[in-house]
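Here's the structure we're looking at; comments come further down.
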Amino acid sequence: MTEKLRFRDPKLAKRVAEKIRQLVPKQETVKICHVCGTHEWTIMHHGLRSLLPKNLKVIAGPGCPVCIVPASEIDETVQLALKGVTVTCFGDLLRVPGSKMSLLAAKTQGADVRIVYSISDAVSMAKNEPKKDFVFFAVGFETTAPSTAVEVLNRPPENLRFLISHRLIPPAMKLLVEMEDLNLNGFIAPGHASTIIGLRPYEIFPKRYGMPVVVAGFEPLDVLFALYMILKQLKEGEPRLENEYVRAVHWEGNVKAQESMQKVFNVADGNWRGLGSIPKSKLTLRRKYGDYDAHSEYAIRVAEGVDLQPGCQCHLVVIGKIMPSECPLFMKECTPQKPVGACMVSSEGTCRIWTKTINRKRQP
Amino acid sequence: MCLAIPAKIMSIENDKAKVDFGENVLREINIALVSAKVGDYVLVHAGYAIQVMDEKEAQETLQLWNEILKTESSPSQRQ
Numbered sequence: 001m002t003e004k005l006r007f008r009d010p011k012l013a014k015r016v017a018e019k020i021r022q023l024v025p026k027q028e029t030v031k032i033c034h035v036c037g038t039h040e041w042t043i044m045h046h047g048l049r050s051l052l053p054k055n056l057k058v059i060a061g062p063g064c065p066v067c068i069v070p071a072s073e074i075d076e077t078v079q080l081a082l083k084g085v086t087v088t089c090f091g092d093l094l095r096v097p098g099s100k101m102s103l104l105a106a107k108t109q110g111a112d113v114r115i116v117y118s119i120s121d122a123v124s125m126a127k128n129e130p131k132k133d134f135v136f137f138a139v140g141f142e143t144t145a146p147s148t149a150v151e152v153l154n155r156p157p158e159n160l161r162f163l164i165s166h167r168l169i170p171p172a173m174k175l176l177v178e179m180e181d182l183n184l185n186g187f188i189a190p191g192h193a194s195t196i197i198g199l200r201p202y203e204i205f206p207k208r209y210g211m212p213v214v215v216a217g218f219e220p221l222d223v224l225f226a227l228y229m230i231l232k233q234l235k236e237g238e239p240r241l242e243n244e245y246v247r248a249v250h251w252e253g254n255v256k257a258q259e260s261m262q263k264v265f266n267v268a269d270g271n272w273r274g275l276g277s278i279p280k281s282k283l284t285l286r287r288k289y290g291d292y293d294a295h296s297e298y299a300i301r302v303a304e305g306v307d308l309q310p311g312c313q314c315h316l317v318v319i320g321k322i323m324p325s326e327c328p329l330f331m332k333e334c335t336p337q338k339p340v341g342a343c344m345v346s347s348e349g350t351c352r353i354w355t356k357t358i359n360r361k362r363q364p
Numbered sequence: 365m366c367l368a369i370p371a372k373i374m375s376i377e378n379d380k381a382k383v384d385f386g387e388n389v390l391r392e393i394n395i396a397l398v399s400a401k402v403g404d405y406v407l408v409h410a411g412y413a414i415q416v417m418d419e420k421e422a423q424e425t426l427q428l429w430n431e432i433l434k435t436e437s438s439p440s441q442r443q
């Protein structure tokens, strides 16, 4: 399948961009928010903002799961690692700042912190080294949570426990839409999280808030068409929920994955870095699987974490209130080599994505 | 981190499948979350297939877009 080429046709992109220009009212600013780091990557990598009229603002919401892990949960994992537990996690978590130290800093102090590509790697490690205690730091949105659920249901070895830090996207979108000074006009909903949850969780946005929502894929034409669809809804004055990513997202989502998640997780209120507590936005392990819960089994006590280091504006970047370049630390004190804020760490973080494009522009 | 890449299923053994990400990169993934068969394209995220891709829908999406762009007049003319 040559999906990439087909969904990157520049001629078609130019035609969609022209339609977009026709639909944006000349005198108004239209603000459309996406909530996925991969959408921001697509927009920056392909220079899509340069195709859009200046009064159409496409902003990045809290769509990077690594960026919104609160410092307290990093602190808890760091303490477990320093206590001698082997911590396994995805690579982009390693340098996320905790209140005092990152997992990478703990590793340099001798802690056993291992990067895995998949949760199944953590299961294999625990099987191969039965005398060691392992923890998998389970971070991610609805796209990632089902894989954790599968492994918990498979009853992994007892020397593997889980620090569940999964978060849910629709409650964060609700937070954004209710922020009076953000003035959003529409949402591009995340395609891959939506393969799991389907469309139903977004129904509330057009119904209750009059907010158009279009679920979109990750090729440049997907994003441009999603913008076009939202603008058309605004023009017609009929906000609704639409699916642009029909090749991967179905109305009901992935029912198998949803059932696995329901068996394993409860939904609770959860802190998001820099955003505070969002109701019903965090997954926790059900009591039935309590033996696997590193949070309750190790009962590490951590103080309220320091989410933002002095000067860091990540809390404004993750809700699209400022662009990374408006942060005084961006590419000065805060760089990919030495990140101050979490948005500069992950390849899905808005600041990190912006540095890549800026670096590319600077090349002759 | 919500990155997911399409891959073609080459063989299946219980919950595990060997998939081709293109360019002859083969990797074992877990397919417990989907109902897929050999030859299907699946979206793979962190070692797990999260959905089966619909090739027919992909083709139809592109056709639909072309039709919309071809037939639709500019918004000012339309109203």
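Protein chains in written order, with this note's numbering: chain A, 1 to 364; chain B, 365 to 443.
Every residue, glycine too, gets a C-beta built ideally from N, C-alpha and C.
All of these numbers come straight from a predicted model, not from anything done at the bench.
Distance, A/GLY320 Cα to A/MET344 Cα: Within the first sequence, numbered from 1, the residue matching residue 344 of chain A stands at position 344. Within the first sequence, numbered from 1, the residue matching residue 320 of chain A stands at position 320. C-alpha separation (whole angstroms): 15 Å.
From A/GLY84, A/ILE300 and A/GLU73, pick the residue whose C-alpha is nearest to that of A/LEU93; which is it? Taking the first sequence and counting its residues from 1, one reaches residue 93 of chain A at position 93. Cα-wise, what sits closest to A/LEU93 is A/GLU73.
What residues from the stretch 366-393 of chain B come within 7 Å of chain A, judged by C-beta to C-beta, listed N to C? CYS366, LEU367, ALA368 and PRO370
Opening and closing residue of the alpha helix (DSSP H) in which A/ILE278 lies: Counted from its first residue, the first sequence places residue 278 of chain A at position 278. Where A/ILE278 is concerned, there is no enclosing alpha helix (DSSP H), although the beta strand (DSSP E) it sits in stretches over 276-285.
Have a look at the DSSP bridge pairing and note the partners of A/ASN271. Looking up residue 271 of chain A in the first sequence gives position 271. In the DSSP output, where bridge partners are listed per residue, A/ASN271 has A/SER277.
Within the 8 Å Cβ cut-off, does A/LYS394 reach chain B? Since the first residue of chain A shown is 1 and the last is 364, residue 394 of chain A is not available in this structure.
Does the Cβ of A/PRO10 have 16 or more other Cβ atoms within 10 Å, making it buried, or fewer, making it exposed? In the first sequence, counting from the first residue as 1, residue 10 of chain A sits at position 10. Exposed, because fewer than 16 other Cβ atoms sit within 10 Å of the Cβ of A/PRO10.
N- and C-terminal bounds of the beta strand (DSSP E) containing B/MET374: Within the second sequence, the letter at position 10 stands for residue 374 of chain B. Where B/MET374 is concerned, the enclosing beta strand (DSSP E) stretches over 369-377.
Excluding the 5 residues preceding and the 5 following A/SER296 in the sequence, name in chain order all residues of the same chain whose CB lies nearer than 7 Å to its CB. Along the first sequence, one-based indexing puts residue 296 of chain A at 296. Cβ neighbours of A/SER296 beyond the five flanking positions: GLY290.
If you measure between the beta carbons of B/VAL413 and B/ALA400, is that distance less than 8 Å? Within the second sequence, the letter at position 49 stands for residue 413 of chain B. Within the second sequence, the letter at position 36 stands for residue 400 of chain B. The question names Val, yet the displayed sequence has Ala at residue 413 of chain B. Contact: yes.
Less than 8 Å between CB atoms is the rule here; does A/GLU74 satisfy it with respect to chain B? Counting from 1 along the first sequence, the entry for residue 74 of chain A is found at position 74. Reading the sequence as shown, one finds Ile at residue 74 of chain A and not Glu. Closer than 8 Å: no.
Give the residues of chain A in contact with B/GLY411, contact being defined as C-beta atoms less than 8 Å apart. For the purposes of this step, residue 411 of chain B is taken as the residue at position 47 of the second sequence. Residues of chain A passing the Cβ test: TYR117, SER118, ILE119, SER120, ASP121 and SER147.
Less than 8 Å between the C-beta atoms of A/VAL177 and A/PHE205, yes or no? Mapped onto the first sequence, residue 177 of chain A falls at position 177. Mapped onto the first sequence, residue 205 of chain A falls at position 205. Their beta carbons are under 8 Å apart, which means A/VAL177 touches A/PHE205 by this criterion.
Helix or strand or just coil, what does DSSP make of A/THR144? In the first sequence, residue 144 of chain A corresponds to position 144, counting from 1. Here A/THR144 sits in coil by DSSP.
Test: A/THR38 CB closer than 8 Å to a CB of chain B: As a working note, residue 38 of chain A is residue 38 in the first sequence. Yes, A/THR38 counts as interfacial toward chain B.
Starting from A/ASN254, find everything on chain B with Cβ-Cβ shorter than 9 Å and list it in chain order. Within the first sequence, numbered from 1, the residue matching residue 254 of chain A stands at position 254. Residues of chain B passing the Cβ test: LEU397, VAL398, ILE414 and GLN415.
Report the partner residues of B/TYR412 according to the DSSP bridge assignment. Numbered from 1 along the second sequence, position 48 holds the residue referred to as residue 412 of chain B. B/ASN394 and B/HIS409, per the DSSP bridge assignment.
Among A/SER194, A/LYS256, A/PRO279 and A/GLY270, nearest to A/LEU241 - alpha-carbon criterion: To locate residue 241 of chain A, count along the first sequence from 1; it is residue 241. Among A/SER194, A/LYS256, A/PRO279 and A/GLY270, the Cα nearest to that of A/LEU241 is on A/SER194.
Residues near A/CYS312 by beta carbon distance below 8 Å, same chain, minus five either side: Your numbering for residue 312 of chain A matches position 312 in the first sequence. Contacts found: CYS327, LEU329, CYS334, VAL340 and GLY341.
Three-state secondary structure (DSSP) at A/GLN250? Working through the first sequence from its first residue, we reach residue 250 of chain A at position 250. It should be pointed out that residue 250 of chain A corresponds to His in this sequence rather than to Gln. The answer is coil: DSSP assigns A/HIS250 none of H, G, I, E or B.
When you compare only the Cα positions, how much space is there between A/LYS288 and A/LYS26? For the purposes of this step, residue 288 of chain A is identified with residue 288 of the first sequence, where counting begins at 1. For the purposes of this step, residue 26 of chain A is identified with residue 26 of the first sequence, where counting begins at 1. Going from the Cα of A/LYS288 to the Cα of A/LYS26 covers about 57 Å.
Specify the secondary structure class of A/GLY190 as computed by DSSP and reduced to three states. As a working mapping, residue 190 of chain A is identified with position 190 in the first sequence. The sequence as given places Pro at residue 190 of chain A; Gly does not occur at that position. In this structure, A/PRO190 counts as strand in the three-state DSSP scheme.
Please confirm if A/SER102 has its CB atom under 8 Å from at least one CB of chain B. Translated into the one-based positions of the first sequence, residue 102 of chain A becomes position 102. Answer no: the Cβ-Cβ gap between A/SER102 and chain B never drops below 8 Å.
Measure the C-alpha to C-alpha separation of A/ARG6 and A/GLN109 and round it to an integer number of angstroms. Against the first sequence, residue 6 of chain A aligns to sequence position 6. Against the first sequence, residue 109 of chain A aligns to sequence position 109. The alpha-carbon atoms of A/ARG6 and A/GLN109 are separated by roughly 48 Å.
Cα-Cα separation, A/GLU76 to A/VAL35: Reading the first sequence from its first residue, position 76 is the one you call residue 76 of chain A. Reading the first sequence from its first residue, position 35 is the one you call residue 35 of chain A. Looking at the two C-alpha atoms, the distance is approximately 27 Å.
Is A/GLU242 helix, strand or coil when you go by DSSP? Start at 1 with the first residue of the first sequence, and residue 242 of chain A comes out as number 242. In this structure, A/GLU242 counts as strand in the three-state DSSP scheme.
Proximal chain B residues relative to A/VAL150, where beta-carbon distance stays under 9 Å: The count along the first sequence starts at 1 and reaches residue 150 of chain A at position 150. Residues of chain B passing the Cβ test: ASP379, ASN394, ALA396, LEU397 and TYR412.
Bridge partners of A/HIS166, per DSSP? Within the first sequence, residue 166 of chain A is the residue found at index 166, counting from 1. A/HIS166 is bridged to A/GLY140.
By DSSP's criteria, A/ALA216 is part of a beta bridge. Which residues make up the other side? Position 216 of the first sequence holds residue 216 of chain A. In DSSP, A/ALA216 forms a bridge with A/PRO190.
Is the CB of B/THR425 under 8 Å away from at least one CB in chain A? Translated into the one-based positions of the second sequence, residue 425 of chain B becomes position 61. Chain A contact via Cβ: present.
Taking A/SER260 as the reference, which of A/ASP222, A/SER118, A/ARG155 and A/MET323 has the closest Cα? Stepping through the first sequence from its first residue, residue 260 of chain A is reached at position 260. A/SER260 has its Cα closest to that of A/ARG155, out of A/ASP222, A/SER118, A/ARG155 and A/MET323.
Between A/GLY63, A/PRO97 and A/LYS57, which lies nearest to A/PRO336 when the distance is taken from Cα to Cα? Counted from its first residue, the first sequence places residue 336 of chain A at position 336. Looking at the Cα atoms, A/PRO97 is the closest of the given residues.
Going by alpha carbons, who is nearest to A/ILE353 out of A/ASP121, A/ARG208, A/MET44 and A/TYR209? Position 353 of the first sequence holds residue 353 of chain A. It is A/MET44 whose Cα lies nearest to the Cα of A/ILE353.
Less than 8 Å between CB atoms is the rule here; does B/GLU421 satisfy it with respect to chain A? The count along the second sequence starts at 1 and reaches residue 421 of chain B at position 57. Closer than 8 Å: yes.
Check whether the Cβ atoms of A/VAL223 and A/LEU48 sit closer than 8 Å, and answer yes or no. Position 223 of the first sequence holds residue 223 of chain A. Position 48 of the first sequence holds residue 48 of chain A. The answer is yes: Cβ separation under 8 Å.
Suppose you measure from the CA of B/LEU426 to the CA of B/THR435; what does that come to, to the nearest Å? As a first step, residue 426 of chain B is located in the second sequence; it is residue number 62 there, counting from the start. As a first step, residue 435 of chain B is located in the second sequence; it is residue number 71 there, counting from the start. Straight-line Cα distance between these residues: approximately 14 Å.
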